Every structure is written in C-alpha cells, then in structure tokens.
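So in the UniProt record's numbering the end of the sequence shown lands on 237, straight run, no missing numbers.
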Amino acid sequence: MENDKDSAVKLVGFWVSPFVHRVRWALKLKGIEYEYIEEDIFNKSPLLSELNPVHGKVPVLVHSGKPLPESFIILEYIDDVWKQNPLLPQDPYERATARFWAKFAEEKLFKAAWTGLCSEDDEQQGAVKSSIEALEKIEEILKGKNFFGGDRIGYLDIIIGWISYILPIWEEVASMKIFDPVKFPSTAAWMSNFLGHPAIKEEYQPSKDEMIEYFKWRRQVLKGTFPKVFSNSVKKN
Ligand SMILES: N[C@@H](CCC(=O)N[C@@H](CS)C(=O)NCC(=O)O)C(=O)O
C-alpha cells in the first residue's frame with residue numbers, strides 16, 4: 001500500500017527555488033520516493049499551466065495524478081498522508097503556533113530579505129532593518145533548542161531552512177549584512193544543526209557558485225538593468 005502511494009508521487013520544481021527545496025526536504029525526511037520534473041519558470045511548459053493554473057508557480061506536488069501547489073500546503077499534505085517522521089507537532093496549540101511562526105517568517109523575513117536582494121540605497125536599508133527585526137523574534141523562539149520543535153527536525157525548520165544557505169548568498173550578491181552570528185547565536189547554532197542533519201545534507205543543493213551567478217542575474221533583472229534571459233536557467237540534477 002505504502003509502495004503504491006510512493007510510486008505515484010511527482011514533484012515539479014525549479015533547481016534553485018527555496019520553495020521547492022522545502023518539499024524536497026520533507027519528502028526526504030519521510031523517505032518518499034518520487035519523480036522530479038524540472039520546470040523552466042522563465043519559459044513555462046503547458047504541464048505547469050495544467051498543474052497550477054491559478055498561480056503558474058512551482059513547487060507542484062502530484063500525488064496519484066492529483067496536483068497540489070504551494071509549499072506550505074504541500075508540507076501539510078505530505079504530513080497528513082505519510083505519518084512517519086511527523087513534521088508538525090501533535091498538540092493542537094503547538095501545531096497552530098508552528099503555523100503562526102511559519103507565516104511570520106514568510107511575511108516578515110522572506111519578503112524583506114528578498115526586497116533587500118532586489119533593491120538598493122534607502123529601500124535596501126529599510127529591508128535589511130525589517131529582516132533583522134524579524135530575525136530577533138526568531139532568535140527568541142530558538143533559544144535553548146536544537147530545532148524549532150525541540151530535539152527533532154520538523155515543519156518550521158523546513159519552512160525557515162532557506163536562511164541557512166540562501167540568505168548568505170543574497171547578502172553577498174546584494175552587499176548587505178542581515179545575519180550576524182554574534183547577535184543571533186541560537187539561530188547560528190540552529191543553522192549548523194539544520195545543515196548537518198543527514199536528510200538535509202543528502203538532498204540536492206545547487207553549488208554556491210551556481211546560486212551566486214543566478215541571484216546576481218536575478219537582482220539585475222529585478223532592478224531593471226539586465227535582459228530577462230538566463231542562459232543557465234534550466235539545470236538538471
Ligand atoms: N508561495 C509559493 C511561492 C512559489 C514561487 O514563488 N515559486 C517561484 C519559483 S522560486 C515560481 O514558480 N515563479 C514563477 C512565477 O512567478 O511566474 C510557495 O510557497 O510555493
């Protein structure tokens with residue numbers, strides 16, 4: 001039964017997408033075999049329009065022929081279908097609290113850090129300040145813990161995991177400083193726990209050089225100073 005479910009799982013993704021990485025990590029933690037389908041998000045396939053007609057974005061998880069978009073929703077679905085290695089806490093209040101912080105991190109930290117990547121001067125300074133304020137809150141909830149849920153890796157670690165490997169790239173590409181390990185020691189320790197976790201370590205990750213090249217181009221395009229075509233936009237892995 002479990003094998004039947006596993007064989008029918010597909011993930012439509014884009015090599016450098018932090019949203020797609022959440023799903024890759026969750027499937028890895030659950031031990032689910034799946035087919036990975038790379039999408040060129042700058043030259044979208046008819047398949048993507050068919051699977052995600054509302055937003056046309058990746059990730060899309062396809063399970064038994066049924067498509068599901070949006071990384072937060074996909075993670076909850078994976079946790080509902082495959083019970084091993086639970087991602088969300090079992091206690092209803094703790095579950096709700098994990099969702100609260102996931103939403104907070106996405107709305108306050110991800111958006112601000114992305115704005116920092118794609119802007120300059122006052123706008124960038126404002127984005128850096130907002131990112132640091134959000135990190136201060138995250139530091140508070142990580143104090144004394146190895147992972148957000150305690151000793152086991154879970155939902156919130158996967159949602160916020162991008163700060164451990166993409167945030168440093170964005171800081172370098174946009175010459176901004178958001179993360180300070182001295183100011184955020186608990187977050188720094190969590191980053192190394194997260195990156196050192198076997199499921200995270202073993203999962204595909206683009207090289208630093210590939211990410212630098214991609215996000216440099218992305219920053220220039222979004223600032224309106226570069227053509228939209230990226231020669232390397234489709235990578236196989
Ligand atoms: N809220 C979505 C965001 C997904 C998203 O923005 N994906 C990007 C790739 S990094 C995408 O497909 N972009 C294509 C587009 O915006 O047209 C999630 O969490 O899954």
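For glycine and all other residues, C-beta sits at the position ideal for the given N, C-alpha and C.
If you're wondering where the values come from, they're calculated on a predicted model, not measured in any experiment.
Terminal residues of the beta strand (DSSP E) in which residue i lies
{"i": "Glu38", "result": "35-38"}
{"i": "Gly13", "result": "9-13"}
{"i": "Pro67", "result": "66-69"}
Contact check, residue i vs residue j, beta carbons under 8 Å
{"i": "Val128", "j": "Met191", "result": "no"}
{"i": "Asn146", "j": "Asn85", "result": "no"}
{"i": "Leu167", "j": "Ile178", "result": "yes"}
{"i": "Ile37", "j": "Lys10", "result": "yes"}
{"i": "Trp162", "j": "Leu117", "result": "no"}
{"i": "residue 258", "j": "Ser164", "result": "Examination of residue 258 is not possible in this model, given that the chain is present from 1 through 237 alone."}
{"i": "Arg24", "j": "Glu140", "result": "no"}
{"i": "Ala105", "j": "Ile138", "result": "yes"}
{"i": "Val12", "j": "Val81", "result": "no"}
{"i": "Gly56", "j": "Leu47", "result": "no"}
{"i": "Ala113", "j": "Ser131", "result": "yes"}
{"i": "Pro67", "j": "Asn52", "result": "yes"}
{"i": "Lys28", "j": "Ala199", "result": "yes"}
{"i": "Phe19", "j": "Ile41", "result": "no"}
{"i": "Glu107", "j": "Thr115", "result": "no"}
{"i": "Leu87", "j": "Leu109", "result": "no"}
Per-residue burial, residue i [other beta carbons within 10 Å of its own, 16 or more giving buried]
{"i": "Phe215", "result": "buried"}
{"i": "Leu156", "result": "buried"}
{"i": "Pro89", "result": "buried"}
{"i": "Lys201", "result": "exposed"}
{"i": "Pro69", "result": "buried"}
{"i": "Asp79", "result": "buried"}
{"i": "Ile74", "result": "buried"}
{"i": "His197", "result": "buried"}
{"i": "Glu2", "result": "Because Glu2 carries a pLDDT of 46, less than 50, the predicted location of this residue cannot be relied on, and no value is offered for it."}
{"i": "His21", "result": "buried"}
{"i": "Gly144", "result": "exposed"}
{"i": "Gly149", "result": "buried"}
{"i": "Glu39", "result": "buried"}
{"i": "Lys236", "result": "Summary for Lys236: the model assigns pLDDT 43, below 50, so the residue's position carries little reliability, and this model does not support an answer."}
{"i": "Ser207", "result": "exposed"}
{"i": "Val16", "result": "buried"}
{"i": "Val173", "result": "buried"}
Opening and closing residue of the alpha helix (DSSP H) in which residue i lies
{"i": "Leu156", "result": "155-160"}
{"i": "Pro198", "result": "198-202"}
{"i": "Val20", "result": "18-30"}
{"i": "Phe110", "result": "Neither: Phe110 is in no alpha helix (DSSP H) and is coded neither H nor E."}
{"i": "Ala102", "result": "92-104"}
{"i": "Pro168", "result": "167-173"}
{"i": "Gly126", "result": "121-142"}
Per DSSP, cross-strand counterpart(s) of residue i
{"i": "Phe42", "result": "Paired residues: none, contrary to the question."}
{"i": "His63", "result": "Val9, Lys66"}
{"i": "Phe147", "result": "Gly150"}
Cβ pair count under 8 Å reaching 3, the region 51-68 against the region 89-99: Fewer than three pairs of CB atoms, one per stretch, sit closer than 8 Å, so the region 51-68 makes no contact with the region 89-99.
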